[in-house]
Amino acid sequence: MGKIAEARRYCLSSGPEVNIEQIPHLQRAAVVWIFPVGSHQEPKEWPGLAHLTEHMVFSGGEQFVEQQRLMPWVQQQGGRLNATTQQNYTAYYFEVDPVDLRQGLLRLKDMLTAPRFAAADLLRETAVIDEEFRLYSRSPHALASAALHSQVEHPSAFAEFHIGNAEVFGNDMTALGAALEHFYTQGYALERSQVWIASPLSCQQQYDEVTDCFALPNTPSAIDSQPVSRVVESAAIGWQNWQGEIRLAKQAGLGITQVIEMSRLSDWPILVELMTDTAPGSLCQVISRKLGHHLSVRVERHYHDNQQIFFTLWLEGADFSEEDAQRSLALWQQWRIAASQLSTHQFAHYRQLAQTEARRLPAMEFLREHALGFIFATSTENELIPTPLQQALSSINYFALLRSRQESAIQTVECQGLTCQFQVSPLVIRGMTYDHDAFIFYPQPRVTSKDVLPITASVCHDGCEPEGGVSMLLRPAAGAAISDEVRAILTQSLSPVFSLVRHAAGKVIWQQVNGNDLLFIRFEQFADLQECVANMIEYWPSELPASSIGGYGSLSLRELLQNVPSLLAEKLDRWMVHFSGLTQPDAEILHGMLSHLPLSWQRFQVDKLPLQQNRVYRAPESDSATIVAFIPYPLTSYQSLLVYQQLAAYYESAFYHQLREVEAVGYAVACRQRVYRDRWGLQIILQSSHLSTQQLYERVGEFFQRLTLPEKGLTVQTDVAGESSGDEELDRYLRAHLPLETGKQNDNDQDFTLARGHRALIERVKDKQGGWIFIE
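Per my numbering, the sequence shown runs over residues 102 to 877.
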């Protein structure tokens, strides 16, 4: 799943195990450092201490402080970083350009091995985690997960998992600091940790860069083809079978929670492909057809070690009655038996799909999953044998049913610091029989059903990179966008079409890129693309609700950001299409077919329409204020764009440091370069539980007014770095067909300085130019 060209392992006597790998498909260098300590290892009297330790480590070490710390430094380099605290491990990871690998690793090592646990930092981070907890406690998925964990009988630590908040941390910072020091000393032992380093460069090149970071020996030890991640292993997870009714605030659904024993974790992505398939004959589509609802499917992984995976298969989009739940459970049990009988050919097909998805992951997410054991980049003959996966499917002994019904009576249960509303009752499985032949696993020579036109299925072997071919790009028209509601309906309705494309060795990408919803479909042959369009017409909803900007005041921050294009739009529900690689007659055929869709069409063009200015929303049930702004750059030339990009990289770290770390505005604080509506600009995000939107806006203005640019200037950019879709082919397509307006590329405009660009942006913030969204 992203082949390793070379791998080396270095086992140090008094340090971490260091793994260096060359993975050619990666565009950047990535580092993942894993410590086998998490919330299950924290003292019971200090819930959330593991999460607090993760936050505190980012305050810096002995050598790199202030703006030279890892977080601001990575932001200044245009890289990415993150960390996660799980039940049985804590991981820190980042990605940068390969030339910056050594400097990034030095900073990561400094903060992890010599952290500064200052009292001021402790006070700030406990407040930040409390803000994070407030957001977390309003998440339907978090509440459902907490309700589930409250019913796990053993190990008991699952019910005690906690991210921390002001109440459990208390006011005695001295005692909390002492507990933090002790937890770090006991849990962050270097000899128990693992460091994973990967990039497209050779192992020797990476070794030369990082050898002095750990004093690596000249000769590596042998590296296993399937290394074992050093996470803490739990006792077998179990509970009494129960039926939980969980009231989800946003979306109703059914969850089937399972514990599966897996001797080979690399089979997990293949199982996910099988479970989340939405093609005709898949588990999701069979249940949807039986119940008469359009359902979506997702998998939530709660926990894993080297022996077992604890997860929930969610079927969402409708309320499930008692009878619906029983029928769905019976179908799932039959699907599990059918899936455990995959042929080697079918196993290889789903493995290839999993590999394709893995290759689309950003470098640091790919390396993290690889380090945890879920992605093995080596390829052996044994991996093509479905027997371990079949055994794992047969090993499922524990499962629970999670159901949401709006009319159900509920009780309140406290778990993990959250107030969960649900019911518990014994799970009684009724005997039901259905046709085992209802399920289809691919590849199939032809798919035939009354619901879908046939499409040929074939397998694209690992490493296959087709050339030429035909493609179609569908997107909202200039000045238009779709709402989250419309996006969700289209995703559900067209999911069988998208899955058929993937099964037929085509490519489909349906996501937001550069602030626009894009549907990109590609095949090698025109006949396949034509058949796909016919399927789209067959599955496209006959009616769609009009996209509306109403009701955004109650959205979560993540949902709000997804809808920023809608909030900045002049018109809604207008579309345009572009073809590539087609002859004129073929293009006319597809244009004629697409005219049957219930859409308003416009000519394909770059968006130059003006943005909305200001919108204010009231959120009566929210206890926080939020600002989301997009400020387009006033570009005059290509040189001016390079200058604004340099400023954006500087703003990102300075903004985070000033407003989150110094002024403690809140948890969600960001200022970064983005593209919306085919324009380059700055996106600002601020959310606070103790400041009003007006106060947040004033803080933004003060930041830009008071900011002092470095006397020595900033890193000189020679090219513009745009947002990536995660797919190289689509990125090339967008660069060729949707060029962003940047002025003449030969016009260097040497008079356009950093100070000039900064002054221009100050004025835009002062006048609230661009799109500003205030939620009070």
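No residue lacks a Cβ here, since even glycine has one placed at the ideal position from N, Cα and C.
Predicted, not measured: the structure shown is a model, and the values here were computed from it.
query: Gln788, DSSP secondary structure in three states; result: strand
query: Straight-line Cα distance separating Gly345 from Pro555; result: Because Pro555 carries a pLDDT of 41, less than 50, the predicted location of this residue cannot be relied on, and the following value inherits that uncertainty. Taking the straight line joining both Cα atoms gives about 40 Å.
query: Of the residues Ala459, Gly339 and Gln435, the one placed nearest Lys104, counting alpha carbons only; result: Ala459
query: Reduced DSSP category for Ser367 - H, G, I as helix; E, B as strand; rest coil; result: helix
query: Burial state of Gly393 (16 or more Cβ within 10 Å); result: exposed
query: Three or more C-beta pairs below 8 Å linking the stretch 148-159 and the stretch 182-191; result: yes
query: Simplified DSSP state of Ser550, which is helix, strand or coil; result: In this predicted model, Ser550 has a pLDDT of only 41, less than 50, meaning its place in the structure is not dependable enough to derive any value.
query: Distance, Val744 Cα to Leu783 Cα; result: 13 Å
query: Terminal residues of the alpha helix (DSSP H) in which Asn617 lies; result: No alpha helix (DSSP H) holds Asn617; the beta strand (DSSP E) holding it covers Asn617 to Phe624.
query: Environment of Asn847 [buried if 16+ CB atoms lie within 10 Å]; result: Confidence at Asn847 is low in this model, with a pLDDT of 48, below 50, so its placement is unreliable and the value that follows should be read with caution. By the neighbour-count rule (16 or more Cβ atoms within 10 Å), Asn847 is not buried but exposed.
query: For Ile438: DSSP bridge partner residues; result: Ile438 is not bridged to any residue.
query: Arg225 versus Ala765 - alpha carbon distance; result: 7 Å
query: Per-residue DSSP class, three states only, for Trp75; result: Residue 75 is absent from the structure shown; the chain starts at 102 and stops at 877.
query: Beta-carbon proximity check, Leu150 vs Phe259, cutoff 8 Å; result: no
query: C-beta contact flag for Glu196 and Ala449 at 8 Å; result: no
query: Backbone secondary structure at Glu458 - three-state DSSP; result: helix
query: Contact set for Pro646: own chain, Cβ-Cβ below 7 Å, skip 5 residues either direction; result: Glu586 and Val587
query: Where the alpha helix (DSSP H) through Glu470 begins and ends; result: Ala464 to Leu473
query: Selection from Asp629, Arg331, Thr727 and Ile371 that minimises the alpha carbon distance to Thr191; result: Arg331
query: Arg461 versus Pro148 - alpha carbon distance; result: 36 Å
query: Of the listed residues Gln142, Gly162 and Val175, nearest to Val132 (C-alpha basis); result: Val175
query: Unbroken alpha helix (DSSP H) run spanning Trp174, endpoints; result: Leu171 to Gln177
query: Ile338 beta carbon less than 8 Å from that of Phe411; result: yes
query: Limits of the beta strand (DSSP E) - the one that Phe284 falls within; result: Run containing Phe284: none in the beta strand (DSSP E); it sits in the alpha helix (DSSP H), Met274 to Gly288.
query: Own chain partners of Val400 with C-beta closer than 7 Å, once the 5 adjacent residues on each side are dropped; result: Val373, Met376, Thr377, Phe412 and Leu414
query: Distance CB(Phe805)-CB(Leu862) smaller than 8 Å; result: yes
query: Reference Ala578, options Trp781, Phe705 and His791, closest by Cα; result: Phe705
query: Straight-line Cα distance separating Leu519 from Arg390; result: 36 Å
query: Distance between beta carbons of Ser294 and Trp134, contact taken as under 8 Å; result: 6 Å
query: Exposed unless 16 or more other CB atoms sit within 10 angstroms - verdict on Ser793; result: exposed
query: In DSSP terms, what Asn183 is bridged to; result: Tyr194
query: Boundaries (first-last residue) of the alpha helix (DSSP H) holding Tyr757; result: Looking at the DSSP string, Tyr757 is not in any alpha helix (DSSP H), and its letter there is neither H nor E.
query: DSSP state of Val329 mapped onto helix, strand, coil; result: coil
query: Where the alpha helix (DSSP H) containing Asn120 begins and where it ends; result: Segment Glu118 to Gln123 is the beta strand (DSSP E) holding Asn120; no alpha helix (DSSP H) there.
query: Beta-carbon proximity of Ser505 to Ile690, cut-off 8 Å; result: no
query: Neighbourhood of Phe475 by C-beta, 7 Å cutoff - its chain only, sequence neighbours within 5 removed; result: Leu366, Ser367, Trp369 and Pro370
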